[in-house]
Amino acid sequence: MTKFVLISDLTLGSNYRDFPLLDFLPCAPSRAIPGSVYRFLKGPGLPASPDGQAKFAPYAIRKLQASLLRKYEAKDIAIAHENHLDQFIRDDTEIIGISTMDPLGIGPTTMSYYVLFGGDMRPWVREEWDTLINKVNALRRAKRR
-16 MTKFVLISDL TLGSNYRDFP LLDFLPCAPS RAIPGSVYRF LKGPGLPASP
34 DGQAKFAPYA IRKLQASLLR KYEAKDIAIA HENHLDQFIR DDTEIIGIST
84 MDPLGIGPTT MSYYVLFGGD MRPWVREEWD TLINKVNALR RAKRR
């Protein structure tokens, strides 16, 4: 039984080919940066542990985990890797916590890209967020049946 499932979106779980400025790539408009280019520059996703949990997680997720461990057992808490969410989201899951930086794509860096590129306000960070939320919602609906 996993009561608490903690997740971060893929924009926080990529290595961006170890080039620091590429960390801002998800803020770019999806119409200006083609999907194939975005996925290449984003680099491979961070690995999962054999049990499906994320090997690496943002600081905020680890702080939540540490706080939850004060009251709950480790078996009640999972930091799920996005590719293994189906292993953790169940009928008895009470809380799904999701960490992200700019889910709506309206943060300062995203707006700067908008001014530079003009037009579409659909940054990659929003695309990744919507994909994750749709996946989580589909799993929640499937578990209720």
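Under our numbering, the sequence shown is numbered contiguously, ending at residue 128.
Ideal placement from N, C-alpha and C gives every residue a C-beta, glycine not left out.
For clarity, every value in this text was computed on a predicted model and none was experimentally measured.
Pro91 beta carbon less than 7 Å from that of Trp112: Here the question's residue 112 lines up with position 129 in the sequence shown. Here the question's residue 91 lines up with position 108 in the sequence shown. Not a contact, by the Cβ cut-off of 7 Å.
Integer Cβ distance of Leu52 from Lys38, believed to fall under 8 Å: Position 69 of the sequence shown, counting from 1, holds the residue named residue 52. Position 55 of the sequence shown, counting from 1, holds the residue named residue 38. In this structure Leu52 is not in contact with Lys38, their Cβ atoms being roughly 18 Å apart against a cut-off of 8 Å.
Per DSSP, the bridge partner or partners of Val(-12): Translated into positions along the sequence shown, residue -12 becomes position 5. Answer by DSSP bridge pairing, in chain order: Ala61, Ile79.
Own chain, CB closer than 6 Å to Asn(-2), minus 5 neighbours either side, in chain order: Counting from one through the sequence shown, the residue named residue -2 turns up at place 15. Correct list, in chain order: Gly26.
Within 7 Å, strictly: CB atoms of Ala31 and His64: Here the question's residue 31 lines up with position 48 in the sequence shown. Here the question's residue 64 lines up with position 81 in the sequence shown. Their beta carbons are under 7 Å apart, which means Ala31 touches His64 by this criterion.
Exposure label - Ser(-9); buried when at least 16 CB within 10 Å: As a working note, residue -9 is residue 8 in the sequence shown. That one is buried.
Per-residue DSSP class, three states only, for Pro41: Numbered from its first residue, the sequence shown carries residue 41 at position 58. Coil at Pro41, not helix or strand.
C-beta contact flag for Leu115 and Ile62 at 7 Å: Within the sequence shown, the letter at position 132 stands for residue 115. Within the sequence shown, the letter at position 79 stands for residue 62. No, Cβ-Cβ distance for Leu115 and Ile62 is not below 7 Å.
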